[in-house]
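If you're matching them up, the sequences are chains A and B in order. Residue numbering for the first sequence follows our numbering, beginning at 5 and increasing consecutively. Residue numbering for the second sequence follows our numbering, beginning at 278 and increasing consecutively. Notes follow once the structure below has been shown.
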Amino acid sequence: MSSYARGLRDGLPFLLMVLPFGMLFGVVATEAGLSLIETVSFSVVVIAGAAQFTALSLMNEHAPTAVVLASALAVNLRMAMYSASLTPHLGSTPLWQRALISYFLVDQTYAGSMLEFEKRPSLSLSEKTAYFFGLATPVCPPWYLATLLGAWLGAAIPTELGLDFAVPIAFLAMIAPMLRTPAHKVAAVTAACFALGFAWLPYNFGLIVGGISGMMAGAQAEQYFESRRRT
Amino acid sequence: MIDSTTLWTVIIGLGFGSFALRFIFLGFVGNRELPAWLLRHLRYTAVAVLPALIAPLILWPGANDGNPEPTRLLAAAVTLGVGYVSKNVIAAMLSGALVMVAGGYLLT
């Protein structure tokens, strides 16, 4: 099976989270008074669920445009960390590919790629790139389509189905196999605790505090366990 | 109603900004060597940022007005357990979804 096909296959389960989430955005945006074109443009141009919801709810509350942009971008700050984290794997691709990868860089394509790249370190650059685009195929175009569908169907979609929990479940399922070493576990537990402890911070900064604390804890733990192994 | 100028300013501004955040390292660092300490931190980005993203969603789900909810907590625990033991993402997702569906029928 080609790397692209493998990425496509591994990305298919993401439909279960992208479709309901995208439709929900379509519904909420339509209810906020956005036209079909505006709603779908939002998803195509921004392609980041959490930031789109943040921006929409702030605009509904008539927050100043600068506040809307700053908050939604703060929610997306993690993308810069994803970008840095993928650079050792995909940084040698041509510029136009890096630009495309950046556009398609979302939680799902990042998490799925890292899981694969860590599981198979021997993958070549072109295999890694193909895998990434394979993953993006069942994630990004369905995101646009689901938004369109949501905008069409309007409020006919029940929100009581517990679909909100598709996102946490899917990410937990991806994180669990990544917890290979004690350092990875330290990083995950630290990040979760700090994110909860700092959840009161505005603009989702708790997520950034949690993420950075977890990375630092993981790096420290790695050095600690390595030095202990050597002695 | 959201004013159309504001809306398009936000859509385009957010589009540019999000792309810049995603492109900053991939685009500008490219294939240059990164320092060892930075690489060591980057190895833990996924296992740090993703738990930080979902921990509040699991403990304080918005659908339950931000209060802990037994079915969701159980579904999260089952997903994590199955994923950790089996290393199988699909099996973990399905087990979690199963708990959510079963919990929905049993508790309501």
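We put the CB at the ideal spot given by N, CA and C, even for glycine.
Under 7 Å by beta carbon: chain B residues contacting residue 284(A): In the structure as shown, chain A starts at 5 and stops at 235, and residue 284(A) therefore has no counterpart that could be examined.
Residue 233(A) Cβ short of 6 Å to the ligand SAH heavy atom set: This structure does not include the ligand SAH; it has no bound ligands of any sort.
Span of the alpha helix (DSSP H), counted from its first residue to its last, around residue 285(B): On the second sequence, position 8 is the one that residue 285(B) refers to. Element bounds for residue 285(B): 281-305.
Where the alpha helix (DSSP H) containing residue 79(A) begins and where it ends: Here residue 79(A) refers to the residue found at position 75 of the first sequence. It spans 69-79 - the alpha helix (DSSP H) in which residue 79(A) sits, taken as one unbroken run.
Reduced DSSP secondary structure (H/G/I, E/B, other) of residue 48(A): Here the question's residue 48(A) lines up with position 44 in the first sequence. Looking at residue 48(A) - three-state DSSP - the assignment turns out to be helix.
Proximity winner among 6(A), 83(A) and 117(A), relative to residue 292(B) (alpha-carbon distances): Mapped onto the second sequence, residue 292(B) falls at position 15. Ranking the options by Cα distance to residue 292(B), first place goes to 83(A).
Distance CB(residue 134(A))-CB(residue 8(A)) smaller than 7 Å: Residue numbering aside, residue 134(A) sits at position 130 when the first sequence is read from its first letter. Residue numbering aside, residue 8(A) sits at position 4 when the first sequence is read from its first letter. Yes, the Cβ-Cβ distance between residue 134(A) and residue 8(A) is below 7 Å.
Residue 99(A) burial status per 10 Å Cβ neighbour count (16 or more: buried): By 1-based counting over the first sequence, the position of residue 99(A) is 95. Result: exposed.
First through last residue of the alpha helix (DSSP H) which encompasses residue 147(A): If you number the first sequence from 1, residue 147(A) lands on position 143. It spans 144-157 - the alpha helix (DSSP H) in which residue 147(A) sits, taken as one unbroken run.
Any chain D beta carbon closer than 7 Å to residue 333(B): Of the protein chains in this structure, namely A and B, none is chain D.
Where residue 315(B) falls: helix, strand or coil (DSSP): Along the second sequence, read from residue 1 onward, the residue named residue 315(B) stands at position 38. Note: residue 315(B) maps to helix in three-state DSSP.
CB contact below 7 Å: residue 343(B) versus chain A: Walking along the second sequence from the start, residue 343(B) turns up at place 66. Not an interface residue.
Residue 194(A) (DSSP reduced to helix, strand or coil): Start at 1 with the first residue of the first sequence, and residue 194(A) comes out as number 190. Residue 194(A) falls in the helix class under three-state DSSP.
Which of helix, strand or coil DSSP assigns to residue 235(A): As a position in the first sequence, residue 235(A) is number 231, starting the count at 1. Looking at residue 235(A) - three-state DSSP - the assignment turns out to be coil, as it is neither helix nor strand.
Whether residue 324(B) touches residue 93(A) by CB criterion (7 Å): What you label residue 324(B) is simply residue 47 of the second sequence in a count that begins at 1. What you label residue 93(A) is simply residue 89 of the first sequence in a count that begins at 1. Not in contact: residue 324(B) and residue 93(A) (Cβ atoms no closer than 7 Å).
Any C-beta of chain A under 7 Å from that of residue 319(B): Along the second sequence, read from residue 1 onward, the residue named residue 319(B) stands at position 42. For residue 319(B), the answer is yes, since a Cβ of chain A falls inside 7 Å of its Cβ.
7 Å Cβ cutoff met for residue 138(A) and residue 31(A): In the first sequence, counting from the first residue as 1, residue 138(A) sits at position 134. In the first sequence, counting from the first residue as 1, residue 31(A) sits at position 27. No, these two residues do not count as a Cβ contact at 7 Å.
Proximal residues to residue 194(A) (C-beta, below 7 Å), its chain only, five neighbours per side dropped: Here residue 194(A) is taken as the residue at index 190 of the first sequence, counted from 1. Same-chain partners within the cutoff: 217, 218 and 221.
Span of the alpha helix (DSSP H) around residue 87(A): Indexing the first sequence from 1 puts residue 87(A) at position 83. Per DSSP, residue 87(A) belongs to the alpha helix (DSSP H) from 82-94.
For residue 183(A), three-class secondary structure by DSSP: In the first sequence, residue 183(A) corresponds to position 179, counting from 1. Looking at residue 183(A) - three-state DSSP - the assignment turns out to be coil, as it is neither helix nor strand.
Residue-level contact to chain A via CB, residue 382(B), 7 Å cutoff: To locate residue 382(B), count along the second sequence from 1; it is residue 105. Output row for residue 382(B): interface = no.
Distance between residue 183(A) and residue 350(B) (C-alpha atoms, nearest Å): Residue 350(B) sits at position 73 when you count from the first residue of the second sequence. Residue 183(A) sits at position 179 when you count from the first residue of the first sequence. Taking the straight line from one Cα to the other gives about 20 Å.
Residues near residue 112(A) by beta carbon distance below 8 Å, same chain, minus five either side: Against the first sequence, residue 112(A) aligns to sequence position 108. Hits under 8 Å: 15, 18, 21, 22, 139, 143 and 174.
Spatial neighbours of residue 207(A) in its chain, beta-carbon cut-off 8 Å, leaving aside the 5 residues before and after: Taking the first sequence and counting its residues from 1, the one referred to as residue 207(A) is at position 203. So the list reads 74, 75, 78 and 79, once near-sequence residues are dropped.
Burial state of residue 147(A), where buried means 16 or more other Cβ atoms lie within 10 Å: Here residue 147(A) refers to the residue found at position 143 of the first sequence. So residue 147(A) ends up on the buried side.
Of the listed residues 303(B), 315(B), 332(B) and 282(B), nearest to residue 196(A) (C-alpha basis): Taking the first sequence and counting its residues from 1, one reaches residue 196(A) at position 192. Considering only alpha carbons, the answer is 332(B).
Between the CA atoms of residue 46(A) and residue 290(B) - distance to the nearest angstrom: Residue numbering aside, residue 290(B) sits at position 13 when the second sequence is read from its first letter. Residue numbering aside, residue 46(A) sits at position 42 when the first sequence is read from its first letter. Residue 290(B) and residue 46(A): Cα-Cα distance of roughly 11 Å.
Chain A within 7 Å of residue 355(B), Cβ atoms only: Stepping through the second sequence from its first residue, residue 355(B) is reached at position 78. So no, residue 355(B) is outside the interface.
Length of the line joining the Cα atoms of residue 12(A) and residue 104(A): Residue numbering aside, residue 12(A) sits at position 8 when the first sequence is read from its first letter. Residue numbering aside, residue 104(A) sits at position 100 when the first sequence is read from its first letter. Roughly 17 Å separates the two Cα atoms.
Contacts of residue 350(B) in chain A (Cβ-Cβ under 9 Å): Within the second sequence, residue 350(B) is the residue found at index 73, counting from 1. The contacting residues do not exist; residue 350(B) stays about 11 Å from chain A at best.
Residue from 235(A), 53(A) and 177(A) with nearest C-alpha to residue 28(A): On the first sequence, residue 28(A) is found 24 positions in, with the first residue counted as 1. Of the listed residues, the one whose Cα sits closest to residue 28(A) is 53(A).
Assigned secondary structure, residue 309(B) (DSSP; H/G/I helix, E/B strand, else coil): Here the question's residue 309(B) lines up with position 32 in the second sequence. Residue 309(B): coil per DSSP, three-state reduction.
Same chain, Cβ closer than 7 Å to residue 60(A), five either side skipped, listed in chain order: By 1-based counting over the first sequence, the position of residue 60(A) is 56. Within the same chain, residue 60(A) has close Cβ partners 32, 33 and 36.
Check whether residue 366(B) and residue 177(A) have beta carbons under 7 Å apart: In the second sequence, the residue the question calls residue 366(B) occupies position 89. In the first sequence, the residue the question calls residue 177(A) occupies position 173. Yes; because the gap between Cβ atoms is below 7 Å, this pair is in contact.
Inter-residue Cα distance where the pair is residue 86(A) and residue 117(A): Residue mapping note: residue 86(A) aligns to position 82 of the first sequence, counting from 1. Residue mapping note: residue 117(A) aligns to position 113 of the first sequence, counting from 1. Going by the C-alpha atoms only, they are around 11 Å apart.
Residues of the stretch 120-141 of chain A with Cβ closer than 8 Å to any Cβ of chain B, in chain order: none
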